[in-house]
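In the working numbering, the protein residues as written are 2 to 422.
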Ligand SMILES: *Cc1c(COP(=O)(O)O)cnc(C)c1O
């Protein structure tokens, strides 16, 4: 099946007389015929649902669909993108370990890495994703266990050179984890470029309709976890009578451990109803991404032609520093998110946003409806103009997430707002 078809058909195949649409299995528990079978479930020697903190048939179907879209061997849904990043890393780290991360990642992930992981005894070094390999190489330490990057990140909308990062990670026998939220598997499949684990905030394009916060971890099945660096995967887990994940589950060691150990202990598993809604979003993902990309490409070109605009960040523009990388990794489009800066700083950018009528002001991106945000007066409000510039945000920067409306309506809205400032 091609990816558009997988969006509709992967993960759930009704048998004769069964519901055409994925059912919502709204049940915390499952019924068994024998204590012997339950014993096998708890020993991880039989397959089946144990309890809806660990798995559920509705969520399972969505996990299988997302794994199929990314080309992975398995997936684990979580209640947010944040919990997906956290579990994805903690599944291979221990206190005392070190991680290398691209510095251009989602702000929430920066907080998780720089503040919260530190409390778990894990140190994260942030590197410039555009640096030469030798410079990134220098950040590796004997205790480095993972490399993390994001395909396209706010506000620079820089495209990550996945192959460069994969080569560096693999030369040091550690996996590359990619946050593929903005691209979705429709625009980029990081496993094809050497990534080992992919995570998503499904809250964004995958859900698409701003209905529920969620996340997912997808395992390529390609990383050799028994290379001596990952004792959590290759030595006995006492909480399952000494099971060794790499021995019992082979290629599925990582994603199995994430579920039966960390999800069991941390319990951030989505409800069946949330997974049902996510599945509805996934069914139209390919179609929606096409329109998001086409609209953003036209809007970015329009913005670039405006006298009031200082610069536009969109990797689909020929003028973008990331155009070549985008052609390689995102040949079918660069998603709907654009950032651009208005001449005249905070006040003029805020006035522009306040005059918008169709595009709504929201703390959200990657929605079917066009939305905007002014980082300097919201998410980065506490920073001085100088501090803003240091993190790549000019006082006049606006983040515009193009929806799937008719592009003429989006352009008309921008035009009337420009006319008023
Ligand atoms: C929103 C977002 C996250 C965090 O996801 P939540 O679902 O809000 O927890 C992580 N990465 C990226 C790229 C995001 O846009």
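Here a beta-carbon is modelled for each residue, glycine too, at the ideal position from N, C-alpha and C.
Since this is a predicted model, take the numbers as computed values, not measurements.
Just to check my reading of the structure: residue i and residue j have Cβ atoms closer than 8 Å, yes? What is that Cβ distance to the nearest angstrom?
{"i": "residue 144", "j": "residue 99", "result": "5 Å"}
{"i": "residue 147", "j": "residue 94", "result": "7 Å"}
{"i": "residue 271", "j": "residue 215", "result": "6 Å"}
{"i": "residue 201", "j": "residue 181", "result": "6 Å"}
{"i": "residue 205", "j": "residue 234", "result": "Not really, about 29 Å apart at Cβ, beyond 8 Å."}
{"i": "residue 116", "j": "residue 150", "result": "Not quite, the Cβ-Cβ distance comes to about 19 Å (not below 8 Å), so this is no contact."}
{"i": "residue 31", "j": "residue 51", "result": "7 Å"}
Suppose contacts are defined by Cβ-Cβ distances below 8 Å. Is residue i in contact with residue j by that definition?
{"i": "residue 427", "j": "residue 212", "result": "The structure shown does not extend to residue 427, since the chain spans only 2 to 422, so no value can be given for it."}
{"i": "residue 261", "j": "residue 55", "result": "yes"}
{"i": "residue 420", "j": "residue 26", "result": "no"}
{"i": "residue 313", "j": "residue 339", "result": "yes"}
{"i": "residue 342", "j": "residue 286", "result": "no"}
{"i": "residue 1", "j": "residue 191", "result": "Here the chain comprises residues numbered 2 to 422, so residue 1 is not present and cannot be evaluated."}
{"i": "residue 207", "j": "residue 282", "result": "yes"}
{"i": "residue 162", "j": "residue 230", "result": "no"}
{"i": "residue 378", "j": "residue 347", "result": "yes"}
{"i": "residue 284", "j": "residue 9", "result": "yes"}
{"i": "residue 327", "j": "residue 198", "result": "no"}
{"i": "residue 269", "j": "residue 29", "result": "no"}
{"i": "residue 354", "j": "residue 362", "result": "yes"}
{"i": "residue 113", "j": "residue 83", "result": "yes"}
{"i": "residue 154", "j": "residue 105", "result": "yes"}
{"i": "residue 45", "j": "residue 330", "result": "no"}
{"i": "residue 396", "j": "residue 386", "result": "yes"}
So, for residue i: in the same chain, excluding its five sequence neighbours on each side, which residues have a beta-carbon less than 6 Å away from its beta-carbon?
{"i": "residue 75", "result": "68, 220, 253, 256"}
{"i": "residue 265", "result": "55"}
{"i": "residue 323", "result": "159, 160, 316"}
{"i": "residue 224", "result": "176, 197"}
{"i": "residue 344", "result": "309, 311"}
{"i": "residue 7", "result": "69, 70"}
{"i": "residue 11", "result": "66, 69"}
{"i": "residue 64", "result": "76, 78"}
{"i": "residue 294", "result": "334"}
{"i": "residue 228", "result": "174"}
Take residue i and list the residues in its own chain whose beta-carbon comes closer than 7 Å to its own, dropping the five residues that flank it on each side.
{"i": "residue 97", "result": "122, 144"}
{"i": "residue 371", "result": "359, 360, 402, 403, 404, 406, 411"}
{"i": "residue 118", "result": "125"}
{"i": "residue 167", "result": "177, 194, 195, 196"}
{"i": "residue 23", "result": "13, 59, 62, 277, 280"}
{"i": "residue 414", "result": "357, 358, 359, 360"}
{"i": "residue 250", "result": "257"}
{"i": "residue 42", "result": "49, 51"}
{"i": "residue 393", "result": "156, 157"}
By Cβ distance below 8 Å, which residues in the same chain neighbour residue i in space, the five residues on each side in sequence not counted?
{"i": "residue 380", "result": "108, 364, 374"}
{"i": "residue 72", "result": "186, 190, 192, 193, 221"}
{"i": "residue 263", "result": "88, 91, 92"}
{"i": "residue 302", "result": "318"}
{"i": "residue 226", "result": "93, 234, 235, 246, 247, 254, 255"}
{"i": "residue 15", "result": "21"}
{"i": "residue 128", "result": "101, 102, 103, 104, 136, 137, 140"}
{"i": "residue 38", "result": "47, 49"}
Beta strand (DSSP E) runs contained entirely in the segment 114-197, provided each spans 3 or more residues = Secondary structure within the segment 114-197: the beta strand (DSSP E) runs of 3 or more consecutive residues, fully enclosed, are 124-128, 145-151, 177-180 (chain order).
If you scan the segment 306-334 from start to end, which runs of the beta strand (DSSP E) of 3 or more residues do you find wholly inside it?
-> List check, beta strand (DSSP E) in window: 310-314.
Touching by the beta-carbon criterion (3+ pairs, under 8 Å), the segment 319-336 and the segment 284-304 | Output reads yes: the segment 284-304 touches the segment 319-336.
Counting pairs of Cβ atoms below 8 Å between the segment 133-144 and the segment 318-328, do you hit three or more?
-> With the cut-off at 8 Å, the segment 133-144 and the segment 318-328 do not touch.
Which runs of the beta strand (DSSP E) spanning at least 3 residues fall entirely within the segment 337-411, listed in chain order?
-> Here the runs fully enclosed are 338-343, 372-374, 398-402.
Entirely enclosed alpha helix (DSSP H) segments - the segment 70-96, minimum 4 residues | Listed in chain order, the complete alpha helix (DSSP H) runs (minimum 4 residues) inside the segment 70-96 are 82-91.
Write down every uninterrupted run of the beta strand (DSSP E) in the segment 203-246 whose length is 3 residues or greater and which is fully enclosed by it, in chain order.
-> Listed in chain order, the complete beta strand (DSSP E) runs (minimum 3 residues) inside the segment 203-246 are 216-220.
May I have a chain-ordered list of the alpha helix (DSSP H) segments no shorter than 4 residues that lie completely inside the segment 7-57?
-> Scanning the segment 7-57 for uninterrupted alpha helix (DSSP H) segments of 4 residues or longer gives 36-43, listed from N- to C-terminal end.
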